[in-house]
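Following my numbering, the numbering of the sequence shown begins with 16 at its first residue and continues without gaps.
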Amino acid sequence: MDKVFRARWILPICYPPIQNGWVAVRGHEVIAIGAGDCPANSLQVDLGSVALLPGLVNAHTHLEFSDLAGPIGMPGVKLYDWIDLVIKSRRDRLDGCEVIDRGATGVVLGGARLVGEIATVPWPGFFVPPQLEMLVFGEVLGLRKPRADERLSAAAGHFSRFSGHAQVTPAVSPHAPYSTSLETLMRCVAFACERQAIVAMHVAESKEERELIESGTGPFADQLAKLGFFQPDCFGKGPEATLQILRELSKAPAALVVHGNDLKESEIEFLAGQPQMTVVYCPRTHVFFKHPVHPVAPLVQRGVRVALGTDSLASNPDLSIWNEVRWMLQYRPDIAWHDSLSMATIHGADALGRSDLGRIVPGAKCGLVSVAGDVDRCEDLPSRWIESPEPPIWVTE
Ligand SMILES: [Zn+2]
Numbered sequence: 016m017d018k019v020f021r022a023r024w025i026l027p028i029c030y031p032p033i034q035n036g037w038v039a040v041r042g043h044e045v046i047a048i049g050a051g052d053c054p055a056n057s058l059q060v061d062l063g064s065v066a067l068l069p070g071l072v073n074a075h076t077h078l079e080f081s082d083l084a085g086p087i088g089m090p091g092v093k094l095y096d097w098i099d100l101v102i103k104s105r106r107d108r109l110d111g112c113e114v115i116d117r118g119a120t121g122v123v124l125g126g127a128r129l130v131g132e133i134a135t136v137p138w139p140g141f142f143v144p145p146q147l148e149m150l151v152f153g154e155v156l157g158l159r160k161p162r163a164d165e166r167l168s169a170a171a172g173h174f175s176r177f178s179g180h181a182q183v184t185p186a187v188s189p190h191a192p193y194s195t196s197l198e199t200l201m202r203c204v205a206f207a208c209e210r211q212a213i214v215a216m217h218v219a220e221s222k223e224e225r226e227l228i229e230s231g232t233g234p235f236a237d238q239l240a241k242l243g244f245f246q247p248d249c250f251g252k253g254p255e256a257t258l259q260i261l262r263e264l265s266k267a268p269a270a271l272v273v274h275g276n277d278l279k280e281s282e283i284e285f286l287a288g289q290p291q292m293t294v295v296y297c298p299r300t301h302v303f304f305k306h307p308v309h310p311v312a313p314l315v316q317r318g319v320r321v322a323l324g325t326d327s328l329a330s331n332p333d334l335s336i337w338n339e340v341r342w343m344l345q346y347r348p349d350i351a352w353h354d355s356l357s358m359a360t361i362h363g364a365d366a367l368g369r370s371d372l373g374r375i376v377p378g379a380k381c382g383l384v385s386v387a388g389d390v391d392r393c394e395d396l397p398s399r400w401i402e403s404p405e406p407p408i409w410v411t412e
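So this is what it looks like as structure tokens:
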């Protein structure tokens, strides 16, 4: 029998909030939505004074760090020092399936129905919580060709293993401009085009990254040299180096530009003309590194799609995408609250190629989550959410 969920507020995301509304569900699919009288011959569930949302989307994480008790390094650590600490920490950390499962559980606790997971492949994940679907990006890096060859071949194995999987969709991720040559990036994009897959890359994460790729100098270059990874021919590509990376990514069927903390006006202008590209902003990770103010406002103003991610427990206290939304509502009041909510729902779903998630409309898939909704005016929901630390409650899988 169909089920009908009544709630004080329904937030379909792509339509305005509905007060005292209902959502009718058949199996795992939304079949109708409305206010007032609801369909007869259905099992009615009154959820009370809550706001009903589509399952959220966490567009960026690395679950392999889910055994960490807290972020690596002190707040404000420089990215190039942090990478060194991460490499060292790998030697002491747990490995494998259990860590991924622990992370996936944390992601679901934060209300996420869909997650973009960057993985060292072969990916050890095995058990995926029933309400979660995952885009698992096989990470490819290499400033030198043999390393890139080996990682691309592992990514190909990742695609063979997960093609047709019910909950895992394979994707590919050239890691970052400081670890991946332009040639390797181009090979990843060609690899994604052959498979109609989505690409994700960390880009414009810090001003030191920009100095490295534009001029081949600075603290990032020094750190790479210290670690024995510096390749002079990969860096110092001039003032359009970041734009060149964005141009290459734009050739993929869809691309996530992860972080984008240091995007310049000309780069935002380019992204505004690329509807297949999405910037993924990780607010609390951004705070951890004490980066300058994120350009999320100009991105939104220019119509660039922005999604939210948590990044990993190596730079964030938890994997709750709902807590990222709450952070946005509290600390980025310059962004309209419904825009912040869209970043963690419909924009994330569209970025990850899932137009059937991130919104409550007939034909969309469940799950649905509820959060506090005991207010009379929908404009009061954001302040209610800021003061309510309770995690989202799963209403349907
Ligand atoms: Zn990341």
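Each residue gets a CB set at the ideal place from its N, CA and C atoms; glycine is no exception. Note that this is a predicted model, so its numbers are computed, not measured.
_Tell me the residue span of the beta strand (DSSP E) that contains Val92._
Careful: Val92 lies outside any beta strand (DSSP E) and carries neither H nor E.
*For the putative contact between Pro332 and Gly85, defined by C-beta atoms under 8 Å, what is the C-beta separation to the nearest angstrom?*
7 Å
*Do Asp17 and Arg41 have their CB atoms nearer than 8 Å?*
yes
*For Lys266, collect the residues of the same chain with a Cβ closer than 8 Å to its Cβ; drop the 5 residues on either side in sequence, then sort them by chain order.*
Val204, Cys208
_Quick check on this structure: which residue in Val214, His274, Phe250, Lys252 has the alpha carbon closest to the alpha carbon of Leu443?_
There is simply no residue 443 to check, as the chain begins at 16 and stops at 412 in what is shown.
*With a cut-off of 8 Å, do at least 3 Cβ pairs link the segment 356-367 to the segment 124-135?*
yes
*Cβ atoms of Ala186 and Leu150: under 8 Å apart, would you say?*
yes
*Residues bridged to Ser265 (per DSSP)*: Partner(s): none; Ser265 has no beta bridge.
*In whole angstroms, what is the alpha-carbon distance linking Leu383 and Gly373?*
9 Å
*Relative to ligand 3, is the shortest distance from any of its heavy atoms to the C-beta of Val38 smaller than 7 Å?*
The model on display carries ligand 1 but not ligand 3.
*Enumerate in chain order the residues of its own chain whose CB-to-CB distance from Gly233 is below 7 Å, with the five nearest sequence positions on each side excluded.*
Glu223, Glu226, Leu227
*Are the beta-carbon atoms belonging to Ser81 and Gly121 less than 8 Å from one another?*
yes
*Determine the direct distance from the alpha carbon of Val319 to that of Lys160, and round the result to whole angstroms.*
33 Å
*In its own chain, which residues sit with a C-beta less than 6 Å from the C-beta of Leu200, not counting the 5 before and 5 after it?*
Pro189, Glu263
*Over the uninterrupted beta strand (DSSP E) stretch that includes Trp409, give me the two end residues.*
408-411
*Is it buried or exposed for Lys103, if we count other Cβ within 10 angstroms and need 16 for buried?*
exposed
_Beta-carbon gap between Ala134 and Val65 smaller than 8 Å_ = no
*asked:* What does the alpha-carbon distance come out to for the pair Arg299 and Pro54?
replied: 42 Å
*Does DSSP classify Ser357 as helix, strand or coil?*
helix
*Mind pulling the alpha helix (DSSP H) runs of 4 or more residues that sit fully within the segment 183-238?*
197-210, 222-230
*The alpha helix (DSSP H) spanning Leu396 covers which residue range?*
396-402
*Keeping to the same chain, check which residues put their C-beta closer than 8 Å to that of Leu156; ignore five residues upstream and five downstream.*
Arg162, Ala163, Arg166, Pro189, His190, Ala191, Ser194, Thr195, Thr199
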